[in-house]
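Since the structure comes first, as structure tokens, the remarks are kept for the end.
Numbering (our numbering), first residue to last: 2 to 88.
And the structure:
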């Protein structure tokens, strides 16, 4: 049960990271683009702070999601091994 909960939360964090990465950023009415694809023709100084903050958020969500998925796999593997050894 614990591995399923950890895995589900990890997947939710990864999906949230992807949503925030592709969602466009706006500063003062100007479109800056997304983390993956900055808008053409925009000066970098207008959007650097906002895109940098969004990039940090995406990195944190992705790292947390991957960590939870790895933990879920480890918990499942340990539980499976413990069941095989005691049988």
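The beta carbon of each residue, even a glycine, is placed where N, CA and C say it ideally should be.
Checking 8 Å against the spacing of the C-beta atoms, do residue 57 and residue 47 come in under that value?
In the chain shown, residue 57 corresponds to position 56, counting from 1. In the chain shown, residue 47 corresponds to position 46, counting from 1. Contact flag unset, no.
Is DSSP giving residue 36 helix, strand or coil here?
Your numbering for residue 36 matches position 35 in the chain shown. Coil at residue 36, not helix or strand.
Would you say residue 75 and residue 15 are within 8 Å of each other, going by their C-beta atoms?
Residue mapping note: residue 75 aligns to position 74 of the chain shown, counting from 1. Residue mapping note: residue 15 aligns to position 14 of the chain shown, counting from 1. No, the Cβ-Cβ distance between residue 75 and residue 15 is not below 8 Å.
Can you tell me whether residue 66 is buried or exposed, with buried defined as 16 or more other CB within 10 angstroms of its CB?
Start at 1 with the first residue of the chain shown, and residue 66 comes out as number 65. Classification for residue 66: buried.
Roughly how far, in whole angstroms, is the beta-carbon of residue 11 from the beta-carbon of residue 78, given that I think they are within contact range, below 8 Å?
As a first step, residue 11 must be located in the chain shown, where it is residue number 10. As a first step, residue 78 must be located in the chain shown, where it is residue number 77. That pair is no contact at about 15 Å.
Candidates 71, 20, 61: which alpha carbon is nearest residue 3's?
Taking the chain shown and counting its residues from 1, one reaches residue 3 at position 2. Nearest option by C-alpha distance: 71.
Among residues of its own chain, excluding the 5 on either side of residue 18, which ones have a beta-carbon nearer than 7 Å to its beta-carbon?
By one-based count along the chain shown, residue 18 stands at place 17. Taken in chain order, the residues that qualify are 59, 62, 63, 66.
On the criterion of 16 or more Cβ atoms from any shown chain inside 10 Å, does residue 55 qualify as buried, or is it exposed?
Here residue 55 is taken as the residue at index 54 of the chain shown, counted from 1. Residue 55 comes out buried.
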